[in-house]
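Numbering (UniProt numbering), first residue to last: 1 to 590.
Working notes for the structure below.
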């Protein structure tokens, strides 16, 4: 089996295992369901087969029901008006009223069912993408930009769900078209032949426009994702841009790219507008041609006046299914592009190897060894990693924390690449200053994915020196915090993030510069409390702060991404000139 196929099989199996464990009946798309856009649409349809059948039935009965009033009207004309029978006229008029009421009820039921079908399809796509992105974890941001994920979750999901409309009105349109053709055949074989030949000609007329929508839509969709990424990045760094005075430059660049996207949008809108215009104009021309032909036949007594009225009504009704054909074709063309973008995201392979069984992690807290940097994190210590270039230290943390793929990091001899994801994320936690703070109460934010325990939460807040954050809020642990922690200061957000990591009580905690946004007194208290609270576990902190380095059990110095010396702060100051110079520059603020 090819590597990509094995990865997809592993992903589906893992998701099914998780769903079985949680007792959830929802199932993710299989490998075959992700083989193409229409396969994916079929999965969305098959997943709610009963509702789709009901929608198709209601759509069919409603559309066919639209053809009943013309027949009833023809009887009222021939039997009541032409025949001079008042009772027949009144009777057929009452039948016509009942048909209209019934059609109105069917229309309501059809619309409600189709709305549920589209919503169900949207939720299934969202759930599939959320589950898969959660399994990709931190590797997602390195493989797909934020704008692409946002666009998939908003635009593509809606576009694909909209295409499922064809399962109701689309099927009804086909059946209604056939029924009307049969009825017209009883009136005039010539009219039936015109009807049967007309719609294929309409399909040929819009075919080139649908192909162009698919072609230009794919290009537009790629650039839309890129522009969304630019917007997400700009919003995330807005405060920094304000401080650096670069907001105007970024705004100008965004405006320039927006105009480029507008131009590409015009290329998509052109054929799309033609499809919209033809969906209205062509059926009207079709109606005019058939009415003209039927009027000539009535003038030569080939059909009755009542039949002429019926033919007009039948053809007028056909405007609806013909428009549904054209609009459905446009929806499917757009869904093909959007569905492929969803599939591209869902087929990203997870970091977990697919051809090996997960290995259990050993008991204890290490040692953790990174051959890529020669860093050895000894168990039970507070270890500080320092580098003149902070990105080097962060890179080491990412490898130690398995945030990158294909590493050779080992935990007491066991490759992290081989470890079970769930166990690894439970026992090893990476805390960085970019970690998301979701909207919610302090209790829920600190507890994270774990069950909240107020005593443990207060203990974690104490370790992170974040008690004052809670005390300043009116409702304590029940106080709400905005998404992203935007109603907190930078130092408060940093301490809340650290409290969340401490609450998890991992065997190994890897923290990226957790004290960078606080003052010296708070920094000293944070390090002392972390050391005391985690004295039986392993903690790694990246930092250049002499205050933190002095309190660490062991300091690892990185030079060009490699461990160059290891020791206590005092020993390294005495024996390592590079370290001594680095610390001196930090103290002098250079």
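No residue lacks a Cβ here, since even glycine has one placed at the ideal position from N, Cα and C.
Pairwise C-alpha distance: residue 475 and residue 548 | By one-based count along the chain shown, residue 548 stands at place 548. By one-based count along the chain shown, residue 475 stands at place 475. Cα-Cα distance, rounded: 33 Å.
Around the C-beta of residue 542, are 16 or more other C-beta atoms found within 10 angstroms, so that it is buried, or is it exposed?
-> What you label residue 542 is simply residue 542 of the chain shown in a count that begins at 1. By the 16-neighbour rule on beta-carbons within 10 angstroms, residue 542 is buried.
Can you name the residues that DSSP bridges to residue 415?
-> Along the chain shown, one-based indexing puts residue 415 at 415. Partner(s): 410.
Alpha carbon to alpha carbon, what distance is there between residue 44 and residue 508?
-> Counting from one through the chain shown, the residue named residue 508 turns up at place 508. Counting from one through the chain shown, the residue named residue 44 turns up at place 44. Approximately 42 Å between the Cα atoms of the pair.
According to DSSP, what are the bridge partners of residue 554?
-> By one-based count along the chain shown, residue 554 stands at place 554. Bridge partners of residue 554 according to DSSP: 383.
Strand pairing of residue 440, partner residues [DSSP] = Translated into the one-based positions of the chain shown, residue 440 becomes position 440. 481, per the DSSP bridge assignment.
Who are the near neighbours of residue 573 in its chain, counting only those whose CB is closer than 6 Å to its CB and skipping five residues on each side?
-> Counting from 1 along the chain shown, the entry for residue 573 is found at position 573. A distance below 6 Å between beta-carbons, with the five flanking residues on each side excluded, links residue 573 to the following residues of its chain, in chain order: 580.
Closer than 6 Å by C-beta to residue 70: which residues in its own chain qualify, once you throw out the five before and the five after it? Chain order, please.
-> By one-based count along the chain shown, residue 70 stands at place 70. Contacts found: 310, 313 and 314.
Count the other CB atoms, across all protein chains shown, that sit within 10 Å of the CB of residue 240; report buried if there are 16 or more and exposed otherwise.
-> Taking the chain shown and counting its residues from 1, the one referred to as residue 240 is at position 240. Since pLDDT at residue 240 reaches only 48, below the 50 mark, its modelled position is unreliable, and the value read off the structure follows with that caveat. Flag for residue 240 reads exposed.
Delimiting residues of the alpha helix (DSSP H) encompassing residue 541 | One-based indexing of the chain shown puts residue 541 at position 541. Here residue 541 belongs to no alpha helix (DSSP H); instead the beta strand (DSSP E) covers 538-542.
Mark residue 362 as exposed unless 16 or more other C-beta atoms lie within 10 angstroms of its C-beta, in which case mark it buried.
-> The residue you call residue 362 lines up with position 362 of the chain shown. Answer is exposed; the Cβ neighbour count stays below 16.
So, helix, strand or coil for residue 465, using DSSP?
-> Taking the first residue of the chain shown as 1, we reach residue 465 at position 465. Residue state, collapsed to three classes: coil.
In angstroms with no decimal places, state the Cα-to-Cα distance between residue 520 and residue 160.
-> As a first step, residue 520 must be located in the chain shown, where it is residue number 520. As a first step, residue 160 must be located in the chain shown, where it is residue number 160. Cα-Cα distance, rounded: 54 Å.
Determine which residues share a DSSP beta bridge with residue 85 and list them.
-> What you label residue 85 is simply residue 85 of the chain shown in a count that begins at 1. DSSP, once it has assigned bridges, lists no residue as partnering residue 85.
Considering residue 48, what are the terminal residues of the alpha helix (DSSP H) in which it resides?
-> Mapped onto the chain shown, residue 48 falls at position 48. Neither: residue 48 is in no alpha helix (DSSP H) and is coded neither H nor E.
Cα separation between residue 4 and residue 292?
-> Here the question's residue 4 lines up with position 4 in the chain shown. Here the question's residue 292 lines up with position 292 in the chain shown. Interpretation of residue 4 is limited by its pLDDT of 43, a score under 50 that renders its predicted location unreliable; the figure taken from the coordinates is listed afterwards. Straight through space, the alpha carbons of residue 292 and residue 4 are spaced by roughly 60 Å.
Spatial neighbours of residue 457 within its chain, please: CB distance less than 7 Å, with the 5 preceding and 5 following residues excluded, ordered by chain position.
-> By one-based count along the chain shown, residue 457 stands at place 457. If you ignore the 5 residues before and after residue 457, its C-beta comes within less than 7 Å of the C-beta of 443, 446, 447, 477 and 503, all in its own chain and listed in chain order.
Spatially closest choice to residue 592 from 346, 379 and 180, by CA coordinates | Past the boundaries of the shown model lies residue 592; the chain is included only from 1 to 590, so the question cannot be answered.
Does DSSP put residue 258 in a helix, a strand or coil?
-> Taking the first residue of the chain shown as position 1, residue 258 is located at position 258. Residue 258 falls in the helix class under three-state DSSP.
Which residue's Cα is closest to the Cα of residue 558: 372, 462 and 481?
-> Position 558 of the chain shown holds residue 558. Nearest Cα to residue 558 within the set 372, 462 and 481: 372.
Are residue 188 and residue 157 touching if we call contact CB-CB under 7 Å?
-> Position 188 of the chain shown, counted from the first residue, corresponds to residue 188. Position 157 of the chain shown, counted from the first residue, corresponds to residue 157. No.
Out of 395, 412 and 420, which has the shortest C-alpha to C-alpha gap to residue 670?
-> No answer is possible for residue 670: it lies beyond the span of the chain, which begins at 1 and ends at 590.
In chain order, what residues of the same chain have a beta carbon less than 7 Å from the beta carbon of residue 453, not counting five sequence neighbours either side?
-> Within the chain shown, numbered from 1, the residue matching residue 453 stands at position 453. Nothing listed; no residue qualifies.
Going by the CB atoms, is the gap between residue 110 and residue 59 shorter than 7 Å?
-> What you label residue 59 is simply residue 59 of the chain shown in a count that begins at 1. What you label residue 110 is simply residue 110 of the chain shown in a count that begins at 1. Yes, the pair counts as a contact, with Cβ atoms nearer than the cut-off.
Return the residue from the list 115, 528 and 298 that minimises the CA-CA distance to residue 168.
-> Position 168 of the chain shown, counted from the start, is the residue given in the question as residue 168. Relative to residue 168, the option among 115, 528 and 298 whose CA is nearest is 115.
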